[in-house]
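So for the sequence shown, the numbering used here puts the first residue at 719; every next one is plus one.
Where is the CB? At the ideal position from N, CA and C, for every residue including glycine.
Keep in mind that this is a model prediction, so the values were computed, not measured.
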Amino acid sequence: MDILPHRYPMLLIDRITELDPQKRAVGYKNVTFNEPFFTGHFPNNPVMPGVLIIEAMAQLGGTAILEPNSQTTTVPYLAGVDKVKFRRPVVPGDKLVMEVNVMWVRMNIGRLHAEARVDDQLACSGELAFSIVSDTRLFRLDASILHM
């Protein structure tokens with residue numbers, strides 16, 4: 719996971735269990751009571767925010783689209799979400815198992831299909847668009863290119 723720039727508390731993957739670079743990745747997050755977001759989401763009824771489930775899937779997607787031993791300084795950016803559905807809440811004690819499959823990549827943009835499950839039950843699924851940039855100061859994304 720050193721390939722990603724994320725660190726605690728925003729690194730939302732505990733382990734990558736399968737990786738086929740530029741094709742597919744599987745990993746998980748053990749959701750604990752100690753997660754910082756549970757303090758306010760929601761007191762007495764903690765639920766992992768949907769946007770953080772999407773972020774966890776996007777981080778896993780970042781590991782799938784980048785070359786693991788690359789010496790470049792490229793960074794994947796989440797550029798859009800589409801067809802996202804939430805099917806069940808994710809709560810403390812859950813093991814969130816995620817799988818991402820690369821749908822296509824053209825130059826420095828692409829799309830992934832992502833799913834997150836708890837106990838083999840679908841919690842979230844959708845398509846994630848990404849852009850790979852080498853210098854974040856130059857990052858200016860034209861959203862119209864994502865609707866190919």
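| Asked | Found |
| --- | --- |
| Beta strand (DSSP E) containing valine 744: first to last residue? | 742-748 |
| Can the beta-carbon of leucine 846 be found less than 8 Å from the beta-carbon of valine 769? | no |
| If distances are taken between C-alpha atoms only, which option among Val836, Val823, Val851, Asp837 comes closest to arginine 742? | Val823 |
| Cβ of lysine 813 within 8 Å of Cβ of asparagine 748? | yes |
| Which of the three DSSP states, helix, strand or coil, is assigned to valine 823? | strand |
| Which residues in the same chain have their Cβ closer than 6 Å to the Cβ of leucine 840, if we skip the five residues on either side of it in sequence? | Arg805 |
| Hey, threonine 757 and isoleucine 850 are a contact pair by Cβ (cut 8 Å); roughly how many whole angstroms apart? | Threonine 757 to isoleucine 850, Cβ: 34 Å. No contact. |
| Would glycine 779 and alanine 832 be called neighbours here (beta carbons separated by less than 8 Å)? | yes |
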